[in-house]
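Working notes, beginning with the structure itself.
Number of protein chains: 6
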Amino acid sequence: MSAGIIDEFQKQREELNKLVMKYAGQGTKRFYSLDSQAYREGALPTKVKELLGLVASFVLRCDDCIKYHIIRCFEEGVSDQELEEALFIGHIVGGTITIPHQRRALQAWEELKKWNALLEF
Amino acid sequence: MSAGIIDEFQKQREELNKLVMKYAGQGTKRFYSLDSQAYREGALPTKVKELLGLVASFVLRCDDCIKYHIIRCFEEGVSDQELEEALFIGHIVGGTITIPHQRRALQAWEELKKWNALLEF
Amino acid sequence: MSAGIIDEFQKQREELNKLVMKYAGQGTKRFYSLDSQAYREGALPTKVKELLGLVASFVLRCDDCIKYHIIRCFEEGVSDQELEEALFIGHIVGGTITIPHQRRALQAWEELKKWNALLEF
Amino acid sequence: MSAGIIDEFQKQREELNKLVMKYAGQGTKRFYSLDSQAYREGALPTKVKELLGLVASFVLRCDDCIKYHIIRCFEEGVSDQELEEALFIGHIVGGTITIPHQRRALQAWEELKKWNALLEF
Amino acid sequence: MSAGIIDEFQKQREELNKLVMKYAGQGTKRFYSLDSQAYREGALPTKVKELLGLVASFVLRCDDCIKYHIIRCFEEGVSDQELEEALFIGHIVGGTITIPHQRRALQAWEELKKWNALLEF
Amino acid sequence: MSAGIIDEFQKQREELNKLVMKYAGQGTKRFYSLDSQAYREGALPTKVKELLGLVASFVLRCDDCIKYHIIRCFEEGVSDQELEEALFIGHIVGGTITIPHQRRALQAWEELKKWNALLEF
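Top to bottom, those sequences are chains A, B, C, D, E and F. Residue 56 in the numbering used here is what sits at position 55 of the first sequence, and the numbering runs on without skipping anything. Residue 26 in the numbering used here is what sits at position 25 of the second sequence, and the numbering runs on without skipping anything. Residue 93 in the numbering used here is what sits at position 92 of the third sequence, and the numbering runs on without skipping anything. Residue 48 in the numbering used here is what sits at position 47 of the fourth sequence, and the numbering runs on without skipping anything. Residue 3 in the numbering used here is what sits at position 2 of the fifth sequence, and the numbering runs on without skipping anything. Residue 7 in the numbering used here is what sits at position 6 of the sixth sequence, and the numbering runs on without skipping anything.
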């Protein structure tokens with residue numbers, strides 16, 4: 002099976018994050034650490050936080066950020082219908098300008114589900 | 002007690018919505034109806050959906066939209082800490098450019114809590 | 002009759018433009034001149050160009066820019082229905098985050114029509 | 002003749018739209034239907050509406066949306082000069098940050114014209 | 002002398018920051034601290050960093066953020082011409098949609114200069 | 002040595018700029034000329050102006066614009082630490098949504114440094 006869009010995304014992300022850390026001053030490092038802190042279990046469960054991160058990335062229209070949160074939502078057990086309802090809110094708030102990102106978000110989601118089905122087989 | 006920011010917002014919103022409906026074609030009316038549909042209980046509870054709407058409005062930095070969802074979150078029983086965690090995600094994703102909106106969001110939230118305390122008294 | 006939102010907008014705009022010109026270097030002056038050039042009659046009539054400027058300002062959600070183009074559209078003879086159709090496109094493309102700007106755009110439009118009715122009386 | 006950027010765009014768009022519809026709830030389907038409704042002949046001709054959609058997509062800087070409206074503008078008989086004037090308004094309103102999108106918009110336009118010239122030959 | 006726009010801005014900012022800190026979790030507090038750290042003298046002088054913060058706020062079109070950095074630029078000894086050149090870059094990159102913010106930025110700048118002239122008298 | 006991302010960017014940019022100029026009316030040409038004027042040595046040195054252009058492009062999240070200013074900053078002798086501090090401001094102001102652009106900005110910077118090391122050898 003050839004590498005899919007998720008695989009390619011994660012490889013590139015990992016490689017470039019090394020580069021970011023090579024240049025990073027203390028401030029940048031702290032900001033990255035705050036970023037992971039934001040999604041940790043709290044009064045709101047991580048699953049809801051990842052949906053919040055997804056919809057924020059969606060209306061701001063950043064494909065890489067959307068892909069990252071799509072993966073995280075999948076890992077947190079978000080269902081197809083929960084995803085659809087969350088993206089619909091992003092779609093309504095952000096307008097048709099988000100449609101190309103919706104397409105690519107679902108493409109990533111579909112790939113995650115196929116991989117998972119293979120693994121569970 | 003003088004009218005607060007919530008009261009003023011709701012009065013103006015109601016009045017101007019009448020104007021929107023005066024001019025609205027069929028398409029605009031349908032879009033408004035889709036908008037309310039998006040937040041209805043589904044696979045995701047309305048409370049989560051209102052938090053999604055809040056964070057989407059927050060990173061897109063629209064004060065009126067934020068105020069609207071702050072009121073809805075309050076009505077859905079969102080707690081102080083849940084609100085803080087949701088806004089923190091918006092803040093981290095959207096950056097310090099969201100700070101003035103964070104200030105005004107909490108100003109509205111504080112007012113809602115004060116009114117509520119008076120009513121419960 | 003007390004000054005309306007259009008009147009107040011135009012007074013403030015005129016006054017602050019003087020300030021901009023006091024500080025403006027040659028580059029800023031040329032940019033302002035390019036700006037008016039963009040809306041001059043060409044292959045596209047000025048009326049269409051003003052609708053383009055309106056919808057661009059609408060999806061970028063700048064109330065002052067919207068107000069300016071609402072006035073210009075009114076002067077160019079845009080009808081109620083033409084305005085509604087143009088704003089509907091902006092609304093669909095830009096999403097519900099544009100709703101507060103739609104409200105204020107129609108508020109300005111309504112005021113322009115009332116003044117005009119008074120003048121024609 | 003190898004597939005150009007328009008061809009590739011349309012194939013991918015069609016394929017991914019199927020995926021969107023596979024996941025789409027009633028709300029998403031209605032939003033897609035509202036979207037096509039927005040550009041139908043009305044008080045404003047479809048050609049003007051497509052120019053409005055193009056400029057809205059241009060200032061919001063979405064390449065896929067721009068490509069879609071570039072194709073539609075071409076189909077509606079927009080001339081080179083009309084296109085240039087519309088994009089100039091988008092360029093002035095949205096600033097130099099739109100330049101990369103202007104380049105790619107004209108690349109798509111140029112390809113459409115070449116194909117058309119071949120077909121008319 | 003009645004309170005000007007700078008005075009009013011600072012009073013409201015101070016008051017609402019107290020509210021933010023009342024609700025702030027550890028993450029929010031750390032983000033506020035990173036924010037001040039970003040503008041500290043380093044390889045780049047604070048004056049240049051404040052100009053960077055100003056132009057970033059300007060193209061993202063946040064009046065409160067612009068006002069804050071206008072004050073900081075004034076404190077750091079930015080000259081009229083340096084300000085004009087920095088805002089011109091923001092204006093060119095961000096387009097005419099920034100014009101209302103340019104007007105209000107210069108209004109704040111002008112007020113700062115007048116107050117300063119009074120104090121130096 | 003195979004062509005890197007900088008090389009590919011510059012080739013495509015040059016080619017598409019020819020296309021832009023083929024269609025450009027007088028207004029577009031003047032805007033392009035204003036654009037280069039904005040970064041000329043003035044009260045602010047070109048190096049600072051390029052950093053301003055970089056941070057503006059960074060918070061507006063345009064990869065091509067970022068790449069262009071990364072190259073210009075490199076040519077103007079910006080150091081690693083100056084770059085890191087400028088991008089950190091962009092990162093803090095614009096939020097984690099800028100992270101994918103930060104990755105690609107540093108990837109371009111790293112490539113410029115490698116080429117330069119080869120040339121100086």
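Even for Gly, the Cβ is constructed at its ideal location relative to N, Cα and C. In this text, all values refer to a predicted model and were calculated from it rather than measured experimentally.
Cut-off 7 Å between Cβ atoms - residues of its own chain near residue i, not counting five sequence neighbours on either side
i        : result
Ala109/B : Ile6, Ile7, Lys68 and Ile71
Gln103/C : Leu88 and His92
Lys12/E  : none
Gly78/A  : Lys48
Reduced DSSP secondary structure (H/G/I, E/B, other) of residue i
i        : result
Ala109/C : helix
Cys74/B  : helix
Pro101/B : helix
Leu20/B  : helix
Arg62/D  : coil
Ser37/C  : helix
Leu45/F  : coil
Phe122/C : coil
Gly96/F  : coil
Ala57/F  : helix
Leu28/E  : According to the sequence displayed, residue 28/E carries Gly and not Leu. Three-state DSSP puts Gly28/E in a helix.
Gly5/A   : coil
Chain-order list of residues whose beta-carbon lies under 6 Å from that of residue i (same chain, five-residue window excluded)
i        : result
Ser58/D  : Cys66, Ile67 and His70
Phe10/C  : Lys68
Ala106/F : Ile67 and Ile71
Glu85/F  : none
Val94/A  : Val60
Own chain residues within Cβ distance below 8 Å of residue i, not counting five before or after
i        : result
Ile98/B  : Arg62
Tyr40/E  : Thr47, Lys50, Glu51, Gly54 and Arg73
Leu113/D : Ile7, Ile71, Ile72 and Phe75
Ser37/F  : none
Asp64/C  : His102 and Arg105
Gly43/C  : Lys50
Ala25/E  : Tyr33
Is there contact here, the segment 7 to 24 of chain C with the segment 42 to 53 of chain E, by at least three beta-carbon pairs under 8 Å? No: the two stretches stay apart, fewer than three of their Cβ pairs being nearer than 8 Å.
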